[in-house]
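**Q**
There are 2 protein chains.
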Amino acid sequence: MTGAEALIRTLLAGAVDTCFTNPGTSEIHVVAALDRIGEMRCVPGLFEGVVTAAADGYARMAEKPACTLLHLGPGFANGIANLHNARRAHVPMVNIIGQHAIPHHRHDTPLDGDIESIARPYSRWLRTSRCASTAGRDAAEAVTASRAAGGQIATLIVPADVSWSEGASIAPLFPPPEAEMPGREMVERAAAMLRSGLRTAILLSGNALYGKGLEAAGHVAAATGAKLFAPYPFTRLQCGAGLPAVERVHYILEQAKQQLGEFRQLILVGAQAPVAYFAYPGKDSTLTPAECEILTLANADQNCAGVMEALTALLPGTRQLVEETPGRPALPDGDITLTGLASAIGALLPENAIVVDESMTSGRGIMAAARTAPPHDWLGNTGGSIGIAMPLAVGAAVASPDRRVLCLSADGSGMYTLQALWTMAREGLKITTVIFANRAYAVLKREFSYLGAGDPGQLASSLFDIGCPDLDWVQLARGLGVPAVRATSLGEFTQALRGGFESGGPTLIEVPL
Amino acid sequence: MTGAEALIRTLLAGAVDTCFTNPGTSEIHVVAALDRIGEMRCVPGLFEGVVTAAADGYARMAEKPACTLLHLGPGFANGIANLHNARRAHVPMVNIIGQHAIPHHRHDTPLDGDIESIARPYSRWLRTSRCASTAGRDAAEAVTASRAAGGQIATLIVPADVSWSEGASIAPLFPPPEAEMPGREMVERAAAMLRSGLRTAILLSGNALYGKGLEAAGHVAAATGAKLFAPYPFTRLQCGAGLPAVERVHYILEQAKQQLGEFRQLILVGAQAPVAYFAYPGKDSTLTPAECEILTLANADQNCAGVMEALTALLPGTRQLVEETPGRPALPDGDITLTGLASAIGALLPENAIVVDESMTSGRGIMAAARTAPPHDWLGNTGGSIGIAMPLAVGAAVASPDRRVLCLSADGSGMYTLQALWTMAREGLKITTVIFANRAYAVLKREFSYLGAGDPGQLASSLFDIGCPDLDWVQLARGLGVPAVRATSLGEFTQALRGGFESGGPTLIEVPL
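Line order of the protein sequences matches chains S and Y.
Using this note's numbering, the first residue of the first sequence is number 230, and each one after it goes up by one.
Using this note's numbering, the first residue of the second sequence is number 230, and each one after it goes up by one.
(1) If you reduce the DSSP assignment to three classes, tell me which class Y:His313 lands in.
(2) Identify the contact partners of Y:Gln704 in chain S, using a Cβ-Cβ distance below 8 angstroms as the criterion.
(3) Apart from the five residues on each side of it in sequence, which residues of its chain come closer than 6 angstroms, Cβ to Cβ, to S:Ser392?
(4) What residues are listed by DSSP as bridge partners for S:Ile660?
(5) Please go through the same chain and pick out, in chain order, the residues whose beta-carbon is closer than 6 angstroms to the beta-carbon of S:Pro561, but skip the five residues on each side of it.
(6) Round the Cβ separation of S:Ile386 and S:Ala235 to the nearest angstrom and send it over; I've been treating them as touching at under 8 angstroms.
(7) Beta carbon of S:Pro603: closer than 8 angstroms to some heavy atom of the ligand COA?
(8) So which residues of chain Y does S:Gln531 contact, with C-beta pairs closer than 8 angstroms?
(9) Between which two residues does the alpha helix (DSSP H) harbouring S:Asp285 extend?
(10) Whose Cβ in chain S lies nearer than 8 angstroms to the Cβ of Y:Trp354?
(11) Under 9 angstroms, Cβ to Cβ, is there at least one residue of chain C near Y:Arg349?
(12) Do S:His336 and Y:Ser514 have their CB atoms nearer than 9 angstroms?
(13) Mind checking if Y:Leu692 is an interface residue toward chain S, Cβ cutoff 9 angstroms exclusive?
(14) Suppose the cutoff is 6 angstroms on Cβ atoms and the five residues either side in sequence are ignored; what does the same chain contact list for S:Tyr480 look like?
(15) Could you round the C-beta distance between S:Leu457 and S:Ala446 to whole angstroms and report it? I think they count as a contact, below 8 angstroms.
(16) Looking at Y:Leu263: is its Cβ nearer than 9 angstroms to the Cβ of S:Ala689?
(17) Could you check whether S:Leu692 and Y:Thr250 sit closer than 9 angstroms to each other, using their CB atoms as the reference points?
(18) With H, G and I counted as helix, E and B as strand and the rest as coil, what does DSSP make of S:Gln501?
(19) Looking at the C-beta of S:Tyr670, does it have a partner C-beta in chain Y at a distance below 9 angstroms?
(20) Closer than 7 angstroms by C-beta to Y:Trp651: which residues in its own chain qualify, once you throw out the five before and the five after it? Chain order, please.
(21) Leaving out five residues on either side along the sequence, give the residues of the same chain with a beta carbon under 8 angstroms from the beta carbon of Y:Ile347.
(22) Would Y:Ser629 be called buried (16 or more neighbouring beta carbons within 10 Å of its own) or exposed?
(23) Using a C-beta to C-beta distance shorter than 9 angstroms, which residues of chain S count as neighbours of Y:Cys667?
(24) Rounded to a whole number of angstroms, what is the C-alpha to C-alpha distance between Y:Ser425 and Y:Glu580?
(25) So, using beta-carbon positions, are Y:His329 and S:Ala508 closer together than 9 angstroms?
(26) Is it the case that the Cβ atoms of S:Ala295 and S:Ala282 are separated by a distance below 9 angstroms?
(27) Between S:Cys296 and chain Y, is the shortest Cβ-Cβ distance under 9 angstroms, so that the two count as touching?
(28) So with CB distances below 8 angstroms, who are the chain Y contacts of S:Asn528?
(29) If you measure from the beta carbon of S:Met230 to each beta carbon in chain Y, is any gap under 9 angstroms?
(30) Would you call the CB atoms of Y:Phe665 and Y:Met589 closer than 9 angstroms?
(31) Name, please, each residue of chain S whose Cβ falls closer than 7 angstroms to the Cβ of Y:Met644.
(32) Using a Cβ-Cβ cut-off of less than 8 angstroms, give me the residues of the segment 315-346 of chain S that come near chain Y, in sequence order.
(33) Tell me whether the beta-carbon of S:Val623 lies closer than 9 angstroms to the beta-carbon of S:Gly286.
(34) Given a cut-off of 9 angstroms, decide if Y:Lys674 and Y:Pro735 are closer than it, judged by their beta-carbon atoms.
(35) Could you work out which residues of chain S lie near Y:Ile695, taking near to mean beta carbons separated by less than 7 angstroms?
(36) What does the alpha-carbon distance come out to for the pair Y:Pro401 and S:Ala383?
So, in structure tokens, the structure goes:
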């Protein structure tokens with residue numbers, strides 16, 4: 230058995246059965262092994278930023294790792310920006326990066342480079358395979374590592390001669406360690422805070438934002454009057470009619486400070502203490518009041534859902550608060566407005582949909598408008614590196630073939646990884662992408678004066694302007710094989726959105742703003 | 230004066246007057262300084278892979294650095310693949326990367342990350358500015374460093390509070406050290422080898438491949454019978470009627486071995502000893518015969534043109550060999566063939582054109598066909614990271630507004646950085662892009678069996694196939710603001726190529742193969 234075969238068979242034995250990839254010459258023997266074995270679903274991307282975000286989206290929904298297969302340092306480098314986001318998302322992922330054959334290194338050939346240095350900051354586990362006989366074991370350890378601490382990134386660099394050499398074997402897999410529970414006294418301390426009568430917020434992350442974790446959080450909130458929050462950059466958040474209400478911390482510093490200003494206690498469950506996204510001259514980055522006591526009940530590596538369940542047991546008499554859910558928004562018509570777009574989405578979102586949201590300045594009202602839609606999952610940009618939405622949607626759709634995916638993307642962000650549209654078309658994924666085409670990096674226009682730089686002059690304005698020429702998303706999508714329309718009224722938008730939700734494959738709607 | 234103003238004014242004082250950029254919030258104060266000062270030409274890209282390759286293309290033609298302005302770790306990471314190529318090209322470049330304000334770091338906010346670790350492998354000079362008062366000096370040192378050793382990458386990380394704080398000043402610039410000359414005895418040893426009568430090859434790189442360096446190399450070849458070569462991955466090569474003939478080392482291992490098999494001596498001028506791009510099982514990577522004596526006359530950091538001129542002085546009686554230049558190819562017609570496409574380009578290439586070549590498997594005959602065209606410059610992919618051609622063309626065109634640029638791109642490579650087309654349109658650059666649409670990663674199909682992996686099966690074939698759905702480059706280009714046509718015969722191709730060369734802005738020709 231070659232090293233490549235042992236690698237793939239060990240991954241499969243570890244239930245890693247989906248590979249997002251853009252391979253090159255140094256990965257040919259891994260591709261040959263995939264070819265021979267035939268049990269791994271391989272989803273190609275035309276650019277590695279698509280590959281890594283797709284693996285992230287897959288992991289968020291499947292709750293298990295996919296692997297990526299990437300071409301040397303440059304192939305990995307192209308995937309870094311979305312790995313940065315994946316690292317912040319705390320998802321499990323196994324990256325396989327090809328490398329030149331070991332004896333070839335001394336020649337310092339054109340594609341050679343220091344892969345470990347650029348992979349290390351994005352990998353909680355990192356190794357270069359040294360020979361075929363250990364390739365299986367390396368893969369097994371990578372899988373185990375990726376599933377530790379609730380999910381993390383494991384990166385295995387595989388030289389070409391390790392792949393092509395014989396003498397390898399499948400390695401036994403060790404079960405991943407269960408995510409650790411915080412100590413009993415921590416849970417008791419949190420319970421005491423919640424019983425104190427002081428105004429208390431719980432900032433949730435990880436698996437406390439969906440499923441059993443969210444259910445437990447809802448019980449705690451109902452029993453104690455605590456308010457539930459999600460960080461602005463959340464990984465996955467279950468929303469919709471009948472589910473516990475979770476408020477997202479605002480992006481804008483003053484709004485977030487106001488939102489959190491009433492709380493005297495904050496309990497962190499897998500989340501960091503809330504701070505401003507960026508620093509501003511003369512402004513404090515902390516979002517909570519100085520007198521707010523902050524308790525880290527669980528860190529991001531710990532069992533967030535488990536700790537919320539443990540907390541419910543300490544808060545007897547808890548009951549689910551059944552909130553009266555108002556009806557869904559009415560279908561809007563007339564001219565395009567951001568409120569109207571949000572209402573249309575709130576009115577039409579199908580049950581069990583997955584919403585991938587990188588709508589930036591244009592989409593801030595959508596989550597609230599969808600609050601009364603049937604339960605659905607919301608996936609966000611966790612690291613702030615733009616260009617995540619369309620490939621994240623690819624991965625989520627691959628993991629969830631029975632669910633509809635609504636992908637909301639700003640035009641500037643979308644341009645980073647528009648190649649994802651081709652993968653959607655190739656795989657026939659049921660993704661409806663909405664492009665909010667305001668033809669600007671609108672957030673930067675606002676930040677300019679907010680940062681005390683005055684009003685943007687001609688040059689600054691031109692750098693924030695991505696019209697001139699206008700991007701034509703309908704042609705771009707069609708050029709990548711995805712049917713597309715431009716919606717110039719709310720009527721056209723609702724019609725296109727309905728069509729997208731009923732389609733057997735991907736569609737795109739450009740909304741000029 | 231703010232740190233950002235001192236930074237920009239110092240760059241301008243160092244003749245760095247062109248900035249390729251995609252800024253974000255942490256670079257707002259640098260943008261504000263650019264805005265106020267108004268002397269720096271700023272060229273935006275919709276993705277940082279465009280930005281870094283454009284700075285590379287600019288430097289290859291202008292022979293001085295441009296700067297880039299990039300957004301934090303993820304913005305830099307998106308530029309790495311083409312920085313990998315730029316590092317191999319030995320071009321001068323100054324990267325300015327924004328960073329969070331220093332006090333903001335302790336919060337580990339979403340966009341935070343370890344920029345130095347990922348920048349180090351691609352930067353010969355690297356620094357993080359620590360306060361506004363040293364920002365000018367940091368910029369001055371970055372400019373000097375970028376111009377040392379014939380050109381290298383200098384990276385300066387600038388925290389937001391360094392940018393916005395007062396108390397900065399413009400720093401004096403030290404002249405960059407002249408690229409070092411090899412010792413006299415080295416030049417004499419090379420001269421002795423050239424006089425020996427043994428069959429000798431000279432492998433040229435850097436500025437020995439154009440201008441005075443190439444002229445000197447031509448004298449040496451004519452006087453001694455030595456044969457001139459360029460590495461397969463060259464930076465810039467001047468070609469055309471009346472210029473010394475330089476043969477490119479072949480990509481394919483067996484062809485390169487045959488090409489170099491007759492030589493008993495090899496003199497390296499800025500180039501590395503030729504080796505195979507990739508390793509193959511059971512095959513030696515060295516391309517020269519075992520008995521070939523190899524002399525490194527100059528390394529990549531040394532003055533390649535200067536050493537060739539010094540060599541001519543030691544080889545009296547040198548004269549320029551005037552080769553009889555055959556006429557240009559006839560204009561082809563009929564069905565599309567690779568030979569026909571090459572002939573059309575050879576027939577129509579305008580004088581002083583710049584050809585940017587990432588045509589991969591489709592374009593291997595074009596350089597030979599253009600051999601009899603009027604003198605022109607050829608820019609290649611130096612590091613093998615695909616997706617360089619279109620943005621490299623952007624930079625070359627910005628540096629050379631009076632010259633025509635012909636950009637040759639494979640479809641798979643082009644998809645990596647197609648956002649460059651928008652910058653071409655925005656800046657009205659006279660670039661004619663030809664997309665060789667074979668709808669495959671064709672090189673991988675060949676490498677598969679060449680690597681001993683047999684014939685690609687269904688899965689491998691599907692991963693090398695980028696049709697299904699076909700990419701429609703005409704729609705993609707139009708979606709990005711570039712007029713485009715599809716050429717389905719050689720007649721249509723020559724007509725479109727002529728039209729492109731006469732156009733006042735960019736055009737694109739898709740050639741389905």
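All C-beta atoms in this analysis are idealised placements derived from N, C-alpha and C, irrespective of residue type, glycine included.
**A** With the structure as the only source:
(1) To locate residue 313 of chain Y, count along the second sequence from 1; it is residue 84. If DSSP states are grouped into helix, strand and coil, Y:His313 belongs with the helices.
(2) Counting from 1 along the second sequence, the entry for residue 704 of chain Y is found at position 475. Correct list: Gln704, Leu705, Arg707, Gly708.
(3) Taking the first sequence and counting its residues from 1, the one referred to as residue 392 of chain S is at position 163. Answer for S:Ser392: Gly232, Ala233, His258, Val259, listed in chain order.
(4) Locating residue 660 of chain S in the first sequence gives position 431, where the first residue counts as 1. Note: S:Ile660 sits in a beta bridge opposite S:Val634.
(5) Mapped onto the first sequence, residue 561 of chain S falls at position 332. Around S:Pro561: Gly569, Ser572, Ala573, Leu719.
(6) One-based indexing of the first sequence puts residue 386 of chain S at position 157. One-based indexing of the first sequence puts residue 235 of chain S at position 6. A Cβ-Cβ separation of about 16 angstroms leaves S:Ile386 out of contact with S:Ala235 under the 8 angstroms criterion.
(7) With respect to the ligand COA, the structure shown offers nothing to examine, as it has no ligands at all.
(8) In the first sequence, residue 531 of chain S corresponds to position 302, counting from 1. Within 8 angstroms Cβ-Cβ: nothing; S:Gln531 doesn't reach chain Y, min ~17 angstroms.
(9) Here the question's residue 285 of chain S lines up with position 56 in the first sequence. Looking at the DSSP string, the run of the alpha helix (DSSP H) that includes S:Asp285 is 277-291.
(10) Numbered from its first residue, the second sequence carries residue 354 of chain Y at position 125. Those do not exist, as Y:Trp354 stays about 17 angstroms from chain S at its closest Cβ, beyond 8 angstroms.
(11) Annotation note: the requested chain C is absent from the structure, which comprises protein chains S and Y.
(12) Walking along the first sequence from the start, residue 336 of chain S turns up at place 107. Walking along the second sequence from the start, residue 514 of chain Y turns up at place 285. Yes. Within cutoff.
(13) As a working note, residue 692 of chain Y is residue 463 in the second sequence. Chain S contact via Cβ: present.
(14) The residue you call residue 480 of chain S lines up with position 251 of the first sequence. Cβ within range, chain order: Tyr461.
(15) In the first sequence, residue 457 of chain S corresponds to position 228, counting from 1. In the first sequence, residue 446 of chain S corresponds to position 217, counting from 1. Right, the Cβ-Cβ distance comes to about 6 angstroms (below 8 angstroms), so this counts as a contact.
(16) By one-based count along the second sequence, residue 263 of chain Y stands at place 34. By one-based count along the first sequence, residue 689 of chain S stands at place 460. Against a cut-off of 9 angstroms, the Cβ pair of S:Ala689 and Y:Leu263 comes out as a contact.
(17) The residue given as residue 250 of chain Y occupies position 21 in the second sequence. The residue given as residue 692 of chain S occupies position 463 in the first sequence. Yes, they are a contact pair.
(18) In the first sequence, the residue the question calls residue 501 of chain S occupies position 272. In this structure, DSSP gives S:Gln501 a state outside helix and strand, which the three-state scheme calls coil.
(19) For the purposes of this step, residue 670 of chain S is identified with residue 441 of the first sequence, where counting begins at 1. So, interface residue.
(20) By one-based count along the second sequence, residue 651 of chain Y stands at place 422. Contacts found: Leu275, Leu709, Gly710.
(21) Position 118 of the second sequence, counted from the first residue, corresponds to residue 347 of chain Y. Closer than 8 angstroms at the Cβ level, and outside the excluded window around Y:Ile347, lie Gly302, Phe305, Ala306, Ile309.
(22) In the second sequence, counting from the first residue as 1, residue 629 of chain Y sits at position 400. When all chains shown are included, Y:Ser629 counts as buried.
(23) Locating residue 667 of chain Y in the second sequence gives position 438, where the first residue counts as 1. Looking at the sequence provided, one finds Asn at residue 667 of chain Y rather than Cys. Those within 9 angstroms of Y:Asn667 in chain S number zero; the least Cβ separation is about 14 angstroms.
(24) Locating residue 425 of chain Y in the second sequence gives position 196, counting from the first residue. Locating residue 580 of chain Y in the second sequence gives position 351, counting from the first residue. Cα-Cα distance, rounded: 38 angstroms.
(25) Here the question's residue 329 of chain Y lines up with position 100 in the second sequence. Here the question's residue 508 of chain S lines up with position 279 in the first sequence. A contact, by the Cβ cut-off of 9 angstroms.
(26) Here residue 295 of chain S refers to the residue found at position 66 of the first sequence. Here residue 282 of chain S refers to the residue found at position 53 of the first sequence. No, the pair does not count as a contact, with Cβ atoms beyond the cut-off.
(27) In the first sequence, the residue the question calls residue 296 of chain S occupies position 67. It does not; no Cβ of chain Y falls within 9 angstroms.
(28) By one-based count along the first sequence, residue 528 of chain S stands at place 299. Here the premise fails: no neighbours, minimum Cβ distance about 12 angstroms.
(29) As a working mapping, residue 230 of chain S is identified with position 1 in the first sequence. No - not a single Cβ of chain Y is within 9 angstroms of the one on S:Met230.
(30) Counting from one through the second sequence, the residue named residue 665 of chain Y turns up at place 436. Counting from one through the second sequence, the residue named residue 589 of chain Y turns up at place 360. Yes; because the gap between Cβ atoms is below 9 angstroms, this pair is in contact.
(31) As a position in the second sequence, residue 644 of chain Y is number 415, starting the count at 1. Here the neighbours are Leu275, Phe276, Gln648.
(32) Within the segment 315-346 of chain S, the residues whose Cβ lies closer than 8 angstroms to some Cβ of chain Y are Arg317, His329, Ala330, Pro332, His333, His336, Asp337, Thr338, Pro339, Leu340, Gly342, Asp343, Ser346, listed in chain order.
(33) By one-based count along the first sequence, residue 623 of chain S stands at place 394. By one-based count along the first sequence, residue 286 of chain S stands at place 57. In this structure, S:Gly286 lies closer than 9 angstroms to S:Val623 by Cβ.
(34) As a working note, residue 735 of chain Y is residue 506 in the second sequence. As a working note, residue 674 of chain Y is residue 445 in the second sequence. Y:Pro735 is not a Cβ neighbour of Y:Lys674, given a cutoff of 9 angstroms.
(35) Here residue 695 of chain Y refers to the residue found at position 466 of the second sequence. Residues of chain S passing the Cβ test: Leu275.
(36) Residue 401 of chain Y sits at position 172 when you count from the first residue of the second sequence. Residue 383 of chain S sits at position 154 when you count from the first residue of the first sequence. Straight-line Cα distance between these residues: approximately 47 angstroms.
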